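J.: Mind looking over this structure? Questions follow.
Residue numbers (the UniProt record's numbering): 1 to 385.
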């Protein structure tokens, strides 16, 4: 029996999308970033939830994700952020996927593949304004575009860049990136260009273009958890388990591997069947809390592969089978992905991806009605109200 489940609140995700659209303004259309299985929330389920309230375009990481959307009836413009591999080009062209482009050799392959189908492949050019990850440097863009214009199988759809520190308000580097992008694409200002991410939307950076890419904030987490303006975001993910064992441990005893925690008094300790194999970060050892009966219980000792121990000495009437919230709300308290990320010295993105892909998902739908299982999706997922 698996005691653990990730509960996805699609109504919260839809609410966050609407809020971000309001912040972006009427002149900007949101592109929902649903790569990596929608940050662990379920790509098909999230796509359906935001499409129902007006989302008209998606961004995914690779071709397989784009094809999965097409196979499940999503015909919205879909951007492949990684770009296309040679073996994926024919399918991507056939399914009208849009490729990010930053290599001349791949551009030529793509053009030839499109011409062989009697089509043009839609592309967006990635401009590297300072992330130094993927993209063409602004100084090299003119030469790249001259080459692209000699490839009749390509249809230029727009330009894209990515902020590296937009989550730091008033950072001069973000302003520099915006300036470089604006200057580099000036001859193509009429196209579908975009640079803003969730942080840009919230911090109002890069909203001079017709599209903004909304990722982490859709799922209820702020790019910077200290921003007051993001308090209206609603967490879309809850991670729940249950108590499977309770014992009293004498004062002076140690808990778990490495003996990193020693009880200072006789303590009631509950064991929870969650560990790093389930995506619960080992760095949470001796730092994080869980919620039982709406009260915080400290994680004591090292996180094991499949188990953790928590101190329930101050919580009354705890029994085996009682629900445990490791991330999410119970009673008047809430443990957020940002809190876990702080304890684990990471970011909420990683917390969500690890928990969401490592556990059974249960869905709460926007309408309150049971969600019909999408064809080809994970049969281990459960849909409910």
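By construction, the Cβ of each residue, glycine as well, lies at the ideal position given by its N, Cα and C atoms. The structure displayed is predicted, hence computed values, not measured ones.
(1) Tell me residue 237's beta-bridge partners as DSSP assigns them.
(2) Along the chain, where does the alpha helix (DSSP H) containing residue 357 start, and where does it finish?
(3) I'd like to know whether the C-beta of residue 44 is nearer than 9 Å to at least one C-beta of chain C.
(4) Do residue 28 and residue 211 count as a contact pair if the criterion is CB distance below 9 Å?
(5) Three-state secondary structure (DSSP) at residue 365?
(6) At the level of alpha carbons, what is the spacing between residue 179 and residue 205?
(7) What is the DSSP secondary structure of residue 2, counted as helix, strand or coil?
(8) Report the rounded CA-to-CA distance for residue 173 versus residue 164, giving the unit in angstroms.
(9) Kindly indicate which residue of 336, 75 and 127 has the alpha-carbon position closest to the one of residue 219.
(10) Using the Cα positions of residue 365 and residue 115, report the straight-line distance between them to the nearest angstrom.
(11) Could you check whether the segment 231-241 touches the segment 7-27, counting it as contact only if at least three pairs of C-beta atoms, one from each stretch, sit closer than 8 Å?
(12) On the premise that residue 158 lies in contact with residue 191, defined as a C-beta separation below 8 Å, what is that separation, rounded to the nearest angstrom?
(13) Assign residue 48 to one of three DSSP states: helix, strand, or coil.
(14) Measure the alpha-carbon distance for residue 363 versus residue 119 and round it to whole angstroms.
(15) Tell me the residue span of the alpha helix (DSSP H) that contains residue 201.
(16) What did DSSP end up calling residue 180 once you bin it into helix, strand or coil?
(17) Cα separation between residue 126 and residue 142?
(18) With distances taken between CB atoms, is the gap from residue 99 to residue 83 smaller than 9 Å?
(19) Which whole runs of the beta strand (DSSP E) in the segment 273-336 are 3 residues long or more, in chain order?
(20) Can you name, in chain order, every residue of its own chain whose Cβ lies under 7 Å from the Cβ of residue 386, other than the five neighbours on each side?
(21) Mind reading off the beta-carbon distance from residue 124 to residue 110? Whole number of angstroms is fine, and I expect it under 8 Å.
(22) Compare the C-alpha of residue 146 against each of 274, 107, 181 and 134 and name the closest.
(23) Please confirm if the segment 302-322 is in contact with the segment 343-351, defined as three or more CB-CB distances below 8 Å between the two stretches.
(24) Answer with buried or exposed for residue 328, where buried requires no fewer than 16 other C-beta atoms within 10 angstroms of its C-beta.
(25) Look up residue 157 in the DSSP assignment and say whether it is helix, strand or coil.
(26) To test your reading of the DSSP string, which unbroken beta strand (DSSP E) runs of 3 or more residues are found completely within the segment 39-106?
(27) With distances taken from CA atoms, which of 1, 319, 7 and 2 is nearest residue 239?
(28) List the whole-angstrom C-beta distance separating residue 224 from residue 248, where the pair is believed to meet the contact cut-off of C-beta under 8 Å.
(29) Apart from the five residues on each side of it in sequence, which residues of its chain come closer than 7 Å, Cβ to Cβ, to residue 275?
(30) Give the secondary structure of residue 271 by DSSP, where H, G and I count as helix, E and B as strand, and everything else as coil.
(31) Taking Cβ positions, are residue 121 and residue 155 nearer each other than 9 Å?
(32) Residue 340 and residue 291: beta carbons closer than 9 Å?
(33) Quick check on the DSSP output: the alpha helix (DSSP H) that includes residue 145 runs from which residue to which?
T.: Result, derived from the coordinates:
(1) Looking at the DSSP output, residue 237 bridges to 8.
(2) 348-358
(3) You won't find chain C in this structure, because it holds only one protein chain.
(4) yes
(5) coil
(6) 11 Å
(7) coil
(8) 8 Å
(9) 336
(10) So the two alpha carbons sit approximately 43 Å from each other.
(11) yes
(12) 4 Å
(13) helix
(14) Going from the Cα of residue 363 to the Cα of residue 119 covers about 39 Å.
(15) 198-203
(16) helix
(17) Between residue 126 and residue 142, the C-alpha separation is close to 13 Å.
(18) yes
(19) 289-292, 295-300, 308-311, 323-330 and 333-335
(20) Any property of residue 386 remains undetermined from this structure, which presents the chain solely from 1 to 385.
(21) Actually they do not touch by this definition, with Cβ atoms about 12 Å apart.
(22) 107
(23) Cβ pair count under 8 Å is below three, so no.
(24) buried
(25) strand
(26) DSSP runs (the beta strand (DSSP E)) wholly in the segment 39-106: 58-60, 78-80 and 98-101.
(27) 7
(28) That belief does not hold up - the Cβ atoms of residue 224 and residue 248 are roughly 43 Å apart, past 8 Å.
(29) Excluding residues up to 5 positions away in sequence, 303, 304, 305, 306, 307 and 308 lie with their Cβ nearer than 7 Å to the Cβ of residue 275 in the same chain.
(30) strand
(31) For residue 121 and residue 155, yes; Cβs fall inside 9 Å.
(32) For residue 340 and residue 291, no; Cβs fall outside 9 Å.
(33) 141-148
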